[in-house]
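Novice: First, the structure itself, so that you have it in front of you.
There are 2 protein chains.
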Amino acid sequence: MVPNEDKVFKALADNSRRLLLDRLHKKAGLTLGELCEGHDMSRQAVTKHLALLEAANLVVPQWRGREKLHYLNPVPINEIYTRWISKYERGRLQALHNLRQALEEKDDD
Amino acid sequence: MVPNEDKVFKALADNSRRLLLDRLHKKAGLTLGELCEGHDMSRQAVTKHLALLEAANLVVPQWRGREKLHYLNPVPINEIYTRWISKYERGRLQALHNLRQALEEKDDD
DNA sequence: ATTATATGCAACCATATAGTTGCATGTCAA
DNA sequence: TTGACATGCAACTATATGGTTGCATATAAT
């Protein structure tokens, strides 16, 4: 049996799916139809991507009538982080990240 | 052109490669030969996995004579974290994680 | 009731990926 | 300098994956 964590990494391995996560991170509760807009692929393709994200528990769906709303679940991503980044490294890496961000003059959330 | 970040996620998408990262996280500087031990696949398979991890900048190699030592680079993993976890969520998620760890009586690093 | 809207399911195809085997190269030791 | 050791490169194969199209179902609006 393949470990369940595998689904998370497999789900993150595709750029289209990562872009979907980006959009849900920016704005929660988007419907399937909304998530289809601005992608050059069919609705069915998006549906399949979302199914994988849900199976990985990275996205949680909620039905409202005939519409399906989608929400990003950050827990599995946090687990990736804690898996390979020791408690002692976290501060240093965060500082490094902030510094790079500042140099790029990109504004953080 | 596919974004370079893609290499990171593709590299993390395989369980064998994640196990290699686990071993390098536990003990830095392992050689190829050492990394081959305890895996039921050929040396060439491990070589190919390491090549992908290096291309993704998740592993940094260092040559010592005819031996190739390997080191885990946590920076790309930190970037995954900051991409989808807002500053404001981090504390809460960390607390949740620590709580779960404590309940499982699994000892942290 | 009928039509339009929002989404699901299944079959199919092309390409990407993980693994293998065989051979080549470079470094250390006797 | 000869042999053993540590690693690299290339060709090939089977399966996984992302995408498509066609049809089905359920909810909302007229």
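So the sequence lines, in the order shown, correspond to chains X and G. One point on numbering: in our numbering, the residue at position 53 of the first sequence is 53, and numbering is uninterrupted. The number in our numbering is simply the position in the second sequence, starting from 1, with 1000 added. All C-beta atoms in this analysis are idealised placements derived from N, C-alpha and C, irrespective of residue type, glycine included. This one's a predicted model, so the numbers in the text were calculated from it and none came from an experiment.
Can you tell me whether DSSP reads HIS1039 (chain G) as helix, strand or coil?
Specialist: Along the second sequence, one-based indexing puts residue 1039 (chain G) at 39. Looking at HIS1039 (chain G) - three-state DSSP - the assignment turns out to be coil, as it is neither helix nor strand.
Novice: What are the residues that DSSP puts in a beta bridge with TRP1063 (chain G)?
Specialist: Taking the first residue of the second sequence as position 1, residue 1063 (chain G) is located at position 63. In the DSSP output, where bridge partners are listed per residue, TRP1063 (chain G) has G:LYS1068.
Novice: Suppose you measure from the CA of MET1001 (chain G) to the CA of LEU96 (chain X); what does that come to, to the nearest Å?
Specialist: Reading the second sequence from its first residue, position 1 is the one you call residue 1001 (chain G). Reading the first sequence from its first residue, position 96 is the one you call residue 96 (chain X). Residue confidence for MET1001 (chain G) is low, a pLDDT of 34 falling below 50, so the modelled location carries little weight; the figure read from the coordinates is stated next. Near 27 Å, if we compare the C-alpha coordinates of LEU96 (chain X) and MET1001 (chain G).
Novice: Return the residues of the segment 1057–1082 of chain G that lie within a Cβ-Cβ distance of less than 8 Å from chain X, sorted by chain order.
Specialist: Those residues of the segment 1057–1082 of chain G that come within reach of chain X (Cβ to Cβ, closer than 8 Å) are LEU1072, PRO1074, VAL1075, ILE1077, ASN1078, GLU1079, ILE1080, TYR1081 and THR1082.
Novice: Apart from the five residues on each side of it in sequence, which residues of its chain come closer than 6 Å, Cβ to Cβ, to VAL8 (chain X)?
Specialist: In the first sequence, residue 8 (chain X) corresponds to position 8, counting from 1. ALA56 and PRO76, listed in sequence order.
Novice: Quick check on DSSP: helix, strand or coil for LEU971 (chain G)?
Specialist: Within the shown structure, residues of chain G are numbered from 1001 to 1109, placing residue 971 (chain G) beyond reach of any answer.
Novice: Across the segment 1088–1104 of chain G and the segment 27–41 of chain X, are there enough close Cβ pairs to call them in contact, namely three or more that are closer than 8 Å?
Specialist: No: the two stretches stay apart, fewer than three of their Cβ pairs being nearer than 8 Å.
Novice: For SER951 (chain G), which residues from the same chain have a beta carbon less than 6 Å from its beta carbon, with the 5 sequence-adjacent residues on both sides left out?
Specialist: Given a span of 1001 to 1109 for chain G in the structure shown, any question on residue 951 (chain G) remains unanswerable.
Novice: I need the DSSP call for LEU1032 (chain G), collapsed to helix, strand or coil.
Specialist: Position 32 of the second sequence, counted from the start, is the residue given in the question as residue 1032 (chain G). LEU1032 (chain G): helix per DSSP, three-state reduction.
Novice: Tell me whether LYS1027 (chain G) sits in a helix, a strand or coil according to DSSP, three-state version.
Specialist: Residue 1027 (chain G) sits at position 27 when you count from the first residue of the second sequence. Looking at LYS1027 (chain G) - three-state DSSP - the assignment turns out to be coil, as it is neither helix nor strand.
Novice: Which term fits LEU1012 (chain G), buried or exposed, when burial requires 16 or more other beta carbons within 10 angstroms of its beta carbon?
Specialist: Mapped onto the second sequence, residue 1012 (chain G) falls at position 12. So LEU1012 (chain G) ends up on the buried side.
Novice: Answer yes or no: does any C-beta atom of chain G fall closer than 7 Å to that of LEU99 (chain X)?
Specialist: Here residue 99 (chain X) refers to the residue found at position 99 when the first sequence is read from its first residue. Chain G contact via Cβ: absent.
Novice: Just the Cα atoms here: how many angstroms apart are VAL1060 (chain G) and ASN4 (chain X)?
Specialist: Within the second sequence, residue 1060 (chain G) is the residue found at index 60, counting from 1. Within the first sequence, residue 4 (chain X) is the residue found at index 4, counting from 1. Approximately 28 Å, taken between the alpha carbons.
Novice: So with CB distances below 8 Å, who are the chain G contacts of ASP6 (chain X)?
Specialist: Along the first sequence, read from residue 1 onward, the residue named residue 6 (chain X) stands at position 6. By Cβ distance, chain G contributes ASN1015.
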